[in-house]
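>
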Amino acid sequence: MNTHQVAASTPAITTSSRTFARDVAVSVDIAASPTRVWALLTDGAAVPSWNSTVSKLAGTIAAGERLAIEVPAAPGRTFRPRVVEFEADRRMVWADGFAPMFKGVRTFELEPLADGGTRFTMRERLGGVMLPMIKRALPDFAPVFATYAADLRRAAEAAQA
Numbered sequence: 537m538n539t540h541q542v543a544a545s546t547p548a549i550t551t552s553s554r555t556f557a558r559d560v561a562v563s564v565d566i567a568a569s570p571t572r573v574w575a576l577l578t579d580g581a582a583v584p585s586w587n588s589t590v591s592k593l594a595g596t597i598a599a600g601e602r603l604a605i606e607v608p609a610a611p612g613r614t615f616r617p618r619v620v621e622f623e624a625d626r627r628m629v630w631a632d633g634f635a636p637m638f639k640g641v642r643t644f645e646l647e648p649l650a651d652g653g654t655r656f657t658m659r660e661r662l663g664g665v666m667l668p669m670i671k672r673a674l675p676d677f678a679p680v681f682a683t684y685a686a687d688l689r690r691a692a693e694a695a696q697a
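Each residue of the sequence shown is one higher than the one before, counting from 537 in our numbering.
Encoded structure:
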């Protein structure tokens, strides 16, 4: 497991890899309420306006809904996760793929802080029996996760000002 953190205001990245699973997580404290952070995370049409890691997000971000996401890191490819958990202002989980062959699960969690801010954590687990065959072709998600968290913090804190 690797953790990279430069300063308290810099997103902390954690990565780990095993034969049939690969995990990456980012956590950052944001000087904005969980309600404000949640509003940014769940307004799909607006996500590309503040998040440089997403070029397009179509669909309604709500339990049971399927999304269509395009990212600059994979031009020409559309990811189609389903929102499998949705607890407003607290937790959301997206999943895509076909277990046990290959599945990706992304979890977003918001933790209220005593000062009125929010600890944002985003985790992704890729896993399945096909992972060992494709692992080398997958990019390092740590820089993308750090950018995602920094973009979210910047947008949420700007809205609070």
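Virtual Cβ for every residue (Gly too), placed ideally from N, Cα, C. Computed from a predicted structure; not experimentally measured.
Which of the three DSSP states, helix, strand or coil, is assigned to Pro584?
If DSSP states are grouped into helix, strand and coil, Pro584 belongs with the helices.
> Express the C-alpha separation of Pro570 and Arg618 in angstroms, rounding to a whole number.
The straight-line gap from Cα to Cα measures roughly 23 Å.
> Decide if Gly653 is buried, meaning its Cβ has at least 16 other Cβ atoms within 10 Å, or exposed.
Buried, since its Cβ has 16 or more Cβ neighbours within 10 Å.
> Please state the DSSP three-state secondary structure of Thr578.
Here Thr578 sits in helix by DSSP.
> Assuming Ala549 is part of the beta strand (DSSP E), what are its boundary residues?
What sits at residue 549 in the sequence shown is Ile, not Ala. It spans 548–554 - the beta strand (DSSP E) in which Ile549 sits, taken as one unbroken run.
> Does the distance from the C-beta atom of Ala685 to that of Val573 stay below 8 Å?
For Ala685 and Val573, no; Cβs fall outside 8 Å.
> Assign Val564 to one of three DSSP states: helix, strand, or coil.
Correct three-state label for Val564: strand.
> Among Leu674, Arg661, Val665, which has the Cα closest to the Cα of Thr550?
Among Leu674, Arg661, Val665, the Cα nearest to that of Thr550 is on Arg661.
> Considering only their Cβ atoms, is the gap separating Met637 from Val607 smaller than 8 Å?
In this structure, Met637 does not lie closer than 8 Å to Val607 by Cβ.
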